[in-house]
Amino acid sequence: MEAFDDIRPYHDHEVRPTLARLLTDKDLLHVMAKHRYPGLTRQFSGAMAWITSLALKYKTRNIHNVRDFQAIIEPYLTRVIKTTTHKVSFSGIEHLNKNKAYLFLSNHRDIVLDPALVNYALYLNDMETCQIAIGDNLVKRPFVSDLMRLNKSFIVKRSLSGRREKLLAFQNLSAYIHHCIDEGQPVWIAQSEGRAKDGNDQTDPAIIKMFNLSRRGRQSAFADNIRSLNIVPVSISYEFDPCDCDKARELYEKQQTGQYLKADDEDLKSIVTGIDGYKGHVHVAFGKPLTEDFEDAASVVQEVNHQIHHSYELQPSNLFAWEAISSEINQHEQVIQVPGIEQLFPAIDLLKKRDEFTRHLERCPELYRPWFLKMYAQPVINRFRYGS
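Using this note's numbering, read the sequence shown as starting at 16 and increasing by one per residue.
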């Protein structure tokens with residue numbers, strides 16, 4: 016296990032020392048005080064950080080291991096789900112073996128909630144929760160790294176520049192993922208680096224190749240290595256994405272200038288917005304484990320994409336966006352035949368839903384709306400481009 020010390024989650028004996036460090040971290044205390052008491056913190060920053068520290072010391076006094084830490088997070092997650100969604104549903108998990116560790120390969124829309132919702136589904140079904148892969152770009156600040164690693168997260172080193180360094184890091188990551196599955200510990204990882212800000216859920220072949228890196232050269236074939244990981248594609252759909260306007264602005268700026276420069280702490284702000292913002296109906300669809308004899312990464316990518324696109328629970332918001340841009344798409348690309356919205360949602364008050372989507376769209380500056388609409392319409396395109 017020493018080989019994984021710089022990326023693995025914290026062990027139980029590391030919890031109390033880590034909490035002691037966090038409770039004196041000025042950055043963390045300021046962020047939490049500002050989030051909880053924004054007005055007072057602007058006027059009395061030091062005092063509110065001190066009060067926040069006292070409150071955290073009291074709340075964490077009985078935390079001695081990772082399970083204890085997750086136990087205080089679960090009620091908060093439940094409250095977030097109840098207050099920022101009108102419905103959360105799951106499908107496919109009933110077909111999974113409770114005694115088996117799976118590698119959940121998921122589409123990625125929200126930094127924190129995607130893996131949290133998968134873990135929530137596992138928790139509700141009396142299954143072991145996942146270790147979560149997170150990019151090192153998200154843990155630049157020490158307190159974020161500590162919090163993530165307390166919550167069963169492990170680090171993916173994406174920011175390395177040297178080719179040899181990258182190869183060694185990905186070999187180590189591959190070995191760690193295999194180690195987790197072999198030890199009966201499920202894992203969550205996104206199908207590609209970063210969120211699919213344009214709504215186009217596509218698996219990066221490099222992720223699949225990484226899975227095989229630590230076992231390359233052994234007698235076992237690629238197909239055996241993939242099968243040993245018990246990969247399950249997961250498709251998460253949000254009726255409304257709290258970060259949609261920010262994503263549309265980023266897509267617009269990239270198209271206009273060829274690049275987008277993130278502001279300081281932009282990822283942290285996205286985390287908070289994603290947690291606090293209204294999401295409407297959220298659905299998590301668990302696919303079928305990959306048990307076939309896959310010859311190469313491309314064949315795995317094809318199967319994972321197929322499952323994610325076809326198990327994605329389309330929302331009325333996706334169809335309203337498709338209606339708005341369908342003529343343009345069908346004029347410049349292959350004609351896509353999409354069933355009527357009344358046929359897809361026969362039991363839903365579509366007038367009410369359309370009003371809700373219109374209000375949501377109007378929050379987005381007009382300049383960014385084409386990207387906003389394409390983002391919501393993309394799952395429809397992925398589902399019906401080659402037929403349903």
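In this text, a Cβ means the ideal position worked out from N, Cα and C, and glycines have one as well.
Extent of the continuous beta strand (DSSP E) to which residue i belongs
| i | result |
| --- | --- |
| LYS303 | Here LYS303 belongs to no beta strand (DSSP E), and DSSP marks it neither H nor E. |
| PHE169 | 168 to 171 |
| GLY150 | 146 to 150 |
| TYR253 | 246 to 253 |
| LEU120 | 118 to 121 |
| PHE185 | Run containing PHE185: none in the beta strand (DSSP E); it sits in the alpha helix (DSSP H), 178 to 197. |
| ALA205 | 202 to 205 |
Cβ-Cβ distance between residue i and residue j below 9 Å
| i | j | result |
| --- | --- | --- |
| ILE204 | ILE192 | yes |
| LYS181 | GLN85 | no |
| LEU334 | ILE246 | no |
| HIS123 | GLY209 | yes |
| LEU153 | VAL319 | no |
| PRO220 | ALA313 | yes |
| LEU69 | LEU162 | no |
| GLN274 | GLU268 | yes |
| PHE19 | LEU118 | no |
| PHE49 | THR39 | Inspection of the sequence shows that residue 49 is occupied by Lys rather than by Phe. Going by C-beta atoms, LYS49 is not nearer than 9 Å to THR39. |
| CYS379 | ASP239 | no |
| LEU388 | LEU359 | no |
| SER229 | ILE126 | no |
| LEU37 | LEU92 | no |
| LEU283 | ARG94 | no |
Continuous alpha helix (DSSP H) stretch holding residue i: start and end
| i | result |
| --- | --- |
| SER326 | 312 to 326 |
| HIS101 | Note, HIS101: premise wrong, no alpha helix (DSSP H); beta strand (DSSP E) at 100 to 106. |
| ALA136 | 128 to 139 |
| GLN393 | 384 to 399 |
| ARG51 | 41 to 51 |
| ASP370 | 365 to 377 |
| CYS260 | 259 to 272 |
| LYS74 | 60 to 74 |
| ALA18 | From DSSP, ALA18 is part of no alpha helix (DSSP H); its letter is neither H nor E. |
| ARG31 | 30 to 37 |
| ASP161 | 157 to 165 |
| VAL287 | 281 to 291 |
| LYS224 | 220 to 228 |
| GLN330 | Segment: none, GLN330 is in no alpha helix (DSSP H) and carries neither H nor E. |
| GLU357 | 356 to 359 |
| ASN112 | Where ASN112 is concerned, there is no enclosing alpha helix (DSSP H), given that its DSSP letter is neither H nor E. |
| ALA238 | 237 to 243 |
Cβ-based neighbour list, residue i, same chain, cut-off 8 Å, excluding 5 preceding and 5 following
| i | result |
| --- | --- |
| ILE22 | PHE169, ILE170, VAL171, LYS172, ASN187, LEU188, TYR191 |
| LYS74 | ILE87 |
| HIS324 | ASP216, SER250, PRO394, ASN397, ARG398 |
| GLU338 | ILE356 |
| GLU143 | ALA116, LEU137, GLY199, GLN200, PRO201 |
Nearest residue (CA-CA) to residue i, options the options
| i | options | result |
| --- | --- | --- |
| SER252 | LEU38, LYS102, THR56, LEU55 | LYS102 |
| SER341 | VAL202, GLU17, THR93, TYR391 | TYR391 |
| LYS41 | ARG264, ILE66, TYR138, VAL299 | ILE66 |
| LYS303 | ALA35, ILE108, ASP370, ASP125 | ILE108 |
| PHE309 | ALA62, LYS224, VAL353 | LYS224 |
| SER104 | SER243, HIS110, ILE96 | ILE96 |
| LEU165 | VAL299, GLU265, ALA236, VAL81 | VAL81 |
| HIS296 | ASP27, THR100, THR93 | THR100 |
| LEU276 | GLU265, GLN270, ARG178, PRO53 | GLU265 |
| ASN114 | ALA131, ASP141, LEU92, SER243 | ASP141 |
| PRO385 | ILE222, SER60, HIS194, GLN270 | GLN270 |
| ASN345 | ARG400, PRO361, PRO157 | ARG400 |
| SER207 | LEU92, THR272, LYS284, ALA148 | ALA148 |
| HIS298 | ALA131, HIS321, ARG242, ALA362 | ALA131 |
| LYS368 | ALA336, ALA236, ARG36, LEU34 | ALA336 |
| HIS194 | LEU244, ALA184, ARG178 | LEU244 |
Cβ shell of residue i (< 7 Å), same chain only, five flanking positions each side left out
| i | result |
| --- | --- |
| SER174 | ASP151, ASN152 |
| SER332 | GLU254, PHE255, PHE372, TYR391 |
| HIS79 | VAL30, ARG31 |
| ASN134 | THR144, CYS145 |
| LYS294 | THR99, THR100, TYR253, GLU254, PHE255, PRO257 |
| VAL316 | THR218, PRO220, ILE223 |
| ASP27 | ASN80, VAL81 |
Close beta carbons around residue i, own chain, < 6 Å, minus the five adjacent residues each side
| i | result |
| --- | --- |
| LYS262 | LYS212 |
| SER326 | SER250, ALA300, GLY302 |
| PRO257 | THR288, GLY289, GLY292 |
| ALA64 | LEU44, HIS45, ALA48 |
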